[in-house]
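Novice: Residue numbers (my numbering): 226 to 1314. Once you've had a glance at the structure underneath, I'll fire off some questions.
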């Protein structure tokens, strides 16, 4: 290793094996130590002794250097002064240290104070802090020296240091503070006149045009820059220098091509720019740009530079200017409207010596002005911004003439779709976004509907200003021309396959409500969409009946519904997650579906717009039911089912709420009430048909609406349903009942509907039946003849029921219901009242509480038989047997038997005759067991119990029937019923059940009991029974239950048989006292207790 000094250039070379390894420029500085630093050092006990009393210090800089490599023009392309790599930047304290954290562009050697192993510098040392402060100032002083040296010149800027990091180090802070100060105040930058300037005094010219003083006025250039500065500037008179990246890093001002282009257009520049200077400018740019495949050092397209002077002495870019020509093409176009090369410049260009320059300009696009060249050179390149209100009409007229001459290609027409057209309101809109106004007679005339909502209708001034005299022919041509430019006359599907943010989508007319939906995870807002689909102007159908009808009618004719269903992809969530990067496909998120369901856009038959799912499909039956009161679509769907049915999803039946709304609307329309009578009944009928199938949720919904529902009464008044009644027994209205209470108006069909009861219960309408009415009867008495007839036919009735496979349980109860459970009464008149108001007369009435069936006299009259069979069927729980019951009651035994024989029905025998004991006595005295039999043959006399009035008004009973009946009990009961068969006969006067009568006794048991409260066998009869000859009869009566009256027999025979109904308020105390005495005597068994 060896080091030598090159005396020619002052460089020190480092040799390794006699080969130059590196070259260095060395600079030594002798520094005067300030007094304040000396004073601080003298007091610093940590400072070395040798530093306390010295007056001067030295500092060395070593900059790396490489021999320059030059190109063919002698320009340096590499080499020269180099900035140290960061890893090579190390401090020297006369010997190398291991301190690398301070990244300087040069090697620095000074008397730094370090630790013993030279790995760390003392940051708290006053001496070191002063040295770091001096490093910055001395480096800039050295740059000043180097920049003046033509050998190094602007390479010196490579030694400009950067700020040190980190700044929390005090040495770093001292250096950085000094660096900031030197940047502001040190004059180290050399201009083109070799003057040294500060950073804020120079401008780096990126265009290099400041060197072209032959056509650039430097003063004007400086003035333009100063005038366009936002703050005051301090530029030198000659501020321009070449661009240097090192100076750029410290904030030296730049002059760019963008500023230069603006300067060329400015008055400041143009007032000093002459035609001769413009010629030199053209020559300059020709030299720079005419050479093909050669780097001209210009970082801008020549098309952007305005360097050609026009007829107004302004500079214009190539694309906007033409060579002057005697013929301009369109004679209606004046020359002054366009830009031409200045005539003096044009003459100069036509000189032979400038032939190459003119050819070069032609190659760049400068040509003679014709409409077609103007179109291609000026209008198309500026298509989006060219049209103004001033040139809108004449420019389009010019293009229309070219179109008529077939001079414009389809490609050029497509490029012109971004051209703006004048609308009927005088604004400018892109052609491809425009529609024809109605004067153009397009296929669809939107203007009348949307002129207040849309400013997109092309002005008709284009046609009226043309004045060709052939308006109709021209109109067709104008329409064809505008269609070529993209003007629309139809509704069409618009699909946005590109990704749209929610804000962008709203700008295209998509509803904010749709765009504000949440992400699939319900946690985020949706940021963007792709695949959104809509139809032109669809947003204007909202609450716009006339346009909505026009719109949807055309859409369904000319648009395939399948094109409207497209899956939507949404983008959401954190930017780096899949939801935001890849998006998520949504099912059932089509915008068209959403729009018709959520926006009132579907026209209805009542000239309003409604949500699609609130509208009924056009259906004859539904229209008859709803009339004008419900909304029907005024657009007709295809007969065959298509995707349109799915999109609109019109209602095909009334919902529960629809029924209630319909009834409310009819109620509100009072003046047309009579016209709605049938409609109201039809509504009821539909509800009755459907109510059985309503779910529990639907029933709950109905119950909620019922609370405020009013329905029509028979008197044509609307009443709250909770105040309504319905008489269930009649077939129609009952005027008397209607006067008494509010009765629901129902027709015959609805009154007899199978689901009527469910309807009334759900609607909270109270049901009134016959039993709810109070009966007022006249001269009522037991209907013994009627009862006898029922018992007579009951064997036939049971056989017939069995033949018809009626349940045996029902058949087994026939005798019991006829003979035991019910009484039969006959009256002269039966009148029914409700709340003391007369309701009606009736021929049949069943008192359910007292189990009494009332009929008017005679019971077998035709008027009574209108309702009697039906009532008997109800009583016996037999359905559909009314006609057969009528036959049994009206026919003779022979007719009945003949009918049974003809229809293979078994004829009953004696064993089928069942005689039952009565269950209890009642206020109507009855006898369930017959006391005798009589022939079924009508020709035979009928023995019966008769009452005879004696002088004492006491009843006497003949004994013939008792004897007869007791003997017949031993006969064979299997003999078929014939004309000799007998049937039970009932007394016409009060009779007594054997359970309710006793033999007289001297001792009655409970002495407090008055004998008059009980029934005893007539004393005369009792004496007769005690005769020896009547012993068997008395014994037979005892066997039937007639016994002496004691408390115990009374308990067993009367109380227990009527246990549920025996006690009354009158007998409650004495009866229980009697039972208590028997209980004390242990006379009551556990079973009876």
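The beta-carbon is built from N, C-alpha and C at its ideal position, and this holds for glycine as well. None of these values were measured; they are calculated from a predicted model.
1. Would you tell me roughly how many angstroms separate the C-alpha atoms of residue 1007 and residue 1080, rounded to the nearest one?
2. In the DSSP assignment, find the alpha helix (DSSP H) that holds residue 1249 and state where it starts and stops.
3. Say the cut is 8 Å; is the CB of residue 417 nearer than that to a heavy atom of the ligand GDP?
4. Contact defined as beta carbons within less than 8 Å: I believe residue 528 pairs with residue 544. What is the distance between those atoms, to the nearest angstrom?
5. Give the single residue among 797, 661, 769 whose Cα lies nearest to the Cα of residue 725.
6. Would you check if the distance between the CB atom of residue 991 and the CB atom of residue 949 is smaller than 9 Å?
7. Sorted by chain position, which residues of the same chain lie with C-beta nearer than 7 Å to residue 447's C-beta, five sequence neighbours on each side aside?
8. Inspect the beta-carbon positions of residue 259 and residue 355 and report whether they are closer than 9 Å.
9. Looking at the secondary structure, which residues open and close the alpha helix (DSSP H) in which residue 444 lies?
10. Below 8 Å, can you find three or more Cβ-Cβ pairs linking the stretch 982 to 1002 to the stretch 1038 to 1056?
11. Take the Cβ of residue 769 as the centre, count every other Cβ of all protein chains shown within 10 Å, and call the residue buried at 16 or more, exposed below.
12. Between the alpha carbons of residue 622 and residue 687, how many angstroms are there, rounded?
13. Leaving out five residues on either side along the sequence, give the residues of the same chain with a beta carbon under 7 Å from the beta carbon of residue 398.
14. Should residue 1047 and residue 1076 be called a contact, given that it needs their Cβ atoms to be closer than 9 Å?
15. What is the rounded straight-line gap between the Cα of residue 983 and the Cα of residue 932?
16. With distances taken between CB atoms, is the gap from residue 575 to residue 587 smaller than 9 Å?
17. Is residue 660 near residue 671, with beta carbons less than 9 Å apart?
18. Tell me whether the beta-carbon of residue 885 lies closer than 9 Å to the beta-carbon of residue 840.
19. Taking 8 Å as the threshold, find out whether the stretch 1018 to 1035 comes into contact with the stretch 1078 to 1097 through three or more Cβ pairs.
20. Is DSSP giving residue 1308 helix, strand or coil here?
21. Below 6 Å CB to CB, which residues in the same chain sit around residue 554 once its five sequence neighbours on both sides are set aside?
22. What separation, rounded to the nearest whole angstrom, lies between the Cα atoms of residue 1028 and residue 849?
23. Do you know offhand how far residue 892's Cα is from residue 1095's?
24. Please list, in chain order, all residues of the same chain as residue 541 whose beta carbon is under 6 Å from its beta carbon, the five residues on each side excluded.
25. Would you identify the three-state DSSP class for residue 1162, choosing helix, strand or coil?
26. Indicate whether residue 333 and residue 316 have their beta-carbon atoms separated by less than 9 Å.
27. When the Cβ atoms of the stretch 710 to 723 are set against those of the stretch 645 to 660, are three or more pairs found closer than 8 Å?
28. Take the Cβ of residue 1013 as the centre, count every other Cβ of all protein chains shown within 10 Å, and call the residue buried at 16 or more, exposed below.
29. Are the CB atoms of residue 286 and residue 252 nearer to each other than 9 Å?
30. Quick one: what does DSSP say residue 415 is sitting in, helix, strand or coil?
31. Could you give the DSSP three-state label for residue 606: helix, strand or coil?
32. Between the stretch 342 to 353 and the stretch 263 to 272, are three or more C-beta pairs nearer than 8 Å?
33. Pairs of beta-carbons, one from the stretch 336 to 346 and one from the stretch 370 to 381, closer than 8 Å: are there three or more?
34. Starting from residue 290, follow its DSSP beta bridges and name the residues at the other end.
35. For the stretch 401 to 408 and the stretch 355 to 365, state whether three or more C-beta atom pairs, one from each stretch, are separated by less than 8 Å.
36. Tell me which residues share the same chain as residue 681 and place their Cβ nearer than 7 Å to its Cβ, disregarding the 5 neighbours each side in the sequence.
Specialist: So, from the listed chains and residues:
1. 10 Å
2. 1244 to 1250
3. The model on display carries no ligand, and the ligand GDP is accordingly not part of it.
4. 6 Å
5. 797
6. yes
7. 460, 464
8. yes
9. 443 to 452
10. yes
11. buried
12. 7 Å
13. 392
14. yes
15. 17 Å
16. no
17. yes
18. no
19. no
20. coil
21. Low local confidence applies: a pLDDT of 40 at residue 554 is under 50, so the model's placement there is unreliable, with the coordinate-based value given in what follows. Closer than 6 Å at Cβ, skipping near neighbours: 595, 596.
22. 47 Å
23. 38 Å
24. 531, 533, 535, 564
25. Only weak support is given to the placement of residue 1162: the predicted model assigns it a pLDDT of 35, under 50, and the value that follows is read from those uncertain coordinates. Correct three-state label for residue 1162: coil.
26. yes
27. yes
28. buried
29. yes
30. strand
31. helix
32. yes
33. no
34. 248, 306
35. yes
36. 648, 654, 658, 659, 660
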